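**Q** Following this message is one structure expressed as structure tokens.
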Amino acid sequence: MIEYILDPFQYSFMVRALIVSVLVGAMCPIIGAYVIARGRSFMGDALAHSVLPGMVVAFMLGFSPFMAAVPAGVGVAALMGFISRRTGVSEDTSIGIVFAGMFALGLTMLATAEGITVNVEDLLLGQVLGVSTTDVYVSLGLAALVIAGLYAIHRAAVYTTFDPASAEVVGIPVRLVDYALLTLLALVIVIGIQAAGIVLVMAMLVTPAAAGYLLARRFVDGMIIGAIIGSMSAVVGLYLSYYMNIPSGPAMVFITTGVFAIAAAFKRRVF
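Residues in the sequence shown are numbered from 0 upward in steps of one, following numbering that gives the first Met the number 0.
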């Protein structure tokens, strides 16, 4: 049994994959707790697809795509909020417009750019086994930044999540807090794309957080439980990927979905 557990980590690429997988499994549900409490699950999916043009530009310039996805994600998050305020259309509508337009632009750039040998399937479904040492350091740095950011705005974010009208009355800058959360969400999605890919990152963002929601009585407890579920699912999915020769991203999502199904079967009233 010990050999079965330790055998994959004789390879350096598996060690790097483990570090990134744990980061993804923990960080996605932490920020995902705010996402599902605010009813903005679609926002995570939209941001994941919208960073594709930035990643393609990075491939063209020879940089790590995930380093380029950071400013792209933050910029897209701000653009979605700007369109909603400027035009008066609903937030869902602005998200859908930017989501479709940016993803189409990214696919067009991939199809027409010369010298790019990236596998589109790896971008869509994730390829955590291929992360570089640079990607690991970038992910660690982003995770530290997200944790520091959430620590700084947590009280205001919870207040604006559950009672935005009262938060504005007492002087909390609701719009600024919203933009801060969108920025942190974009950073977490960049981390998640490496493991779960563009298509599946929403599942890692929402599903463990939803399972934590079902199993906890308080918001913070739900965040912690979600992070534990996400990390466990990411690690188990990585083992399945290694021993069963299946894509790592779908394997992680399969495990976390199964955990959510079990949590739903034993549902308790929370919050």
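Quick reminder that beta carbons are idealized off the backbone N, C-alpha and C, glycines included.
All values reported here derive from a predicted model rather than from experimental measurement.
Please work out which residues of its chain come closer than 6 Å, Cβ to Cβ, to residue 196, disregarding the five sequence neighbours upstream and downstream, and give them in chain order.
**A** The residue given as residue 196 occupies position 197 in the sequence shown. Apart from sequence neighbours up to five positions away, the residues of its chain that approach residue 196 with a beta-carbon distance below 6 Å are 123, 124, 125 and 248, ordered along the chain.
**Q** Which first and last residues belong to the alpha helix (DSSP H) in which residue 97 is found?
**A** Counted from its first residue, the sequence shown places residue 97 at position 98. Start and end: 90-111.
**Q** Please list the terminal residues of the continuous alpha helix (DSSP H) segment that includes residue 154.
**A** Start at 1 with the first residue of the sequence shown, and residue 154 comes out as number 155. Taken as a continuous stretch (DSSP letters only), the alpha helix (DSSP H) holding residue 154 covers 132-161.
**Q** What do you get for residue 30, buried or exposed, if any count of 16 or more other CB atoms within 10 angstroms of its CB means buried?
**A** Taking the sequence shown and counting its residues from 1, the one referred to as residue 30 is at position 31. Residue 30 comes out buried.
**Q** Go through its chain and collect everything with a Cβ distance to residue 230's Cβ below 6 Å, but skip five positions before and after it.
**A** Looking up residue 230 in the sequence shown gives position 231. The residues 21, 24 and 25, in chain order, have a CB closer than 6 Å to that of residue 230 in the same chain once the five nearest residues on each side in sequence are set aside.
**Q** Which two residues bound the contiguous alpha helix (DSSP H) that contains residue 219?
**A** The residue you call residue 219 lines up with position 220 of the sequence shown. Boundaries of the alpha helix (DSSP H) harbouring residue 219: 218-243, taken from the DSSP string.
**Q** Just checking my contact of residue 224 with residue 215 at CB under 8 Å: how many whole Å lie between their CB atoms?
**A** As a first step, residue 224 must be located in the sequence shown, where it is residue number 225. As a first step, residue 215 must be located in the sequence shown, where it is residue number 216. For residue 224 against residue 215, the beta-carbon gap comes to about 5 Å, under 8 Å, which counts as contact.
**Q** Could you have a look at residue 21 and say whether DSSP puts it in helix, strand or coil?
**A** Counting from one through the sequence shown, the residue named residue 21 turns up at place 22. In the structure shown, residue 21 sits in a helix (DSSP, three-state: H, G or I).
**Q** Does the beta-carbon of residue 138 have 16 or more other beta-carbons within 10 angstroms, so that it is buried, or is it exposed?
**A** The residue given as residue 138 occupies position 139 in the sequence shown. It is buried - the Cβ of residue 138 has at least 16 other Cβ atoms within 10 Å.
**Q** Do the stretch 197-211 and the stretch 243-258 make contact, defined as three or more Cβ pairs closer than 8 Å?
**A** yes
**Q** Count the CB pairs spanning the stretch 8-20 and the stretch 144-161 that are closer than 8 Å, and state whether there are at least three.
**A** no
**Q** Could you check what DSSP says for residue 174 in three-state terms: helix, strand or coil?
**A** As a working note, residue 174 is residue 175 in the sequence shown. Three-state DSSP puts residue 174 in a helix.
**Q** Out of 37, 176, 69 and 164, state which residue places its alpha-carbon closest to the alpha-carbon of residue 51.
**A** Locating residue 51 in the sequence shown gives position 52, counting from the first residue. Residue 51 has its Cα closest to that of 69, out of 37, 176, 69 and 164.
**Q** If I measure Cβ to Cβ from residue 176 and keep anything under 7 Å in the same chain, skipping five residues before and after, which residues do I get?
**A** In the sequence shown, counting from the first residue as 1, residue 176 sits at position 177. The residues are 152, 155, 156 and 159.
**Q** Look at the alpha carbon of residue 271 and the alpha carbon of residue 112, and state the distance between them as a whole number of angstroms.
**A** One cannot answer for residue 271 here, as it falls past the ends of the chain, which runs 0 to 270.
**Q** Quick one: grab the DSSP three-state call for residue 10.
**A** Translated into positions along the sequence shown, residue 10 becomes position 11. Three-state result, residue 10: coil.
**Q** If you count every other CB in all the chains shown that lies within 10 Å of the CB of residue 265, and 16 or more means buried, which is it?
**A** Taking the first residue of the sequence shown as 1, we reach residue 265 at position 266. With fewer than 16 neighbouring CB atoms inside 10 Å of its own CB, residue 265 falls in the exposed class.
**Q** Using the rule of at least 16 other Cβ atoms within 10 Å of the residue's Cβ for burial, across every protein chain shown, is residue 219 buried or exposed?
**A** For the purposes of this step, residue 219 is identified with residue 220 of the sequence shown, where counting begins at 1. Exposed.
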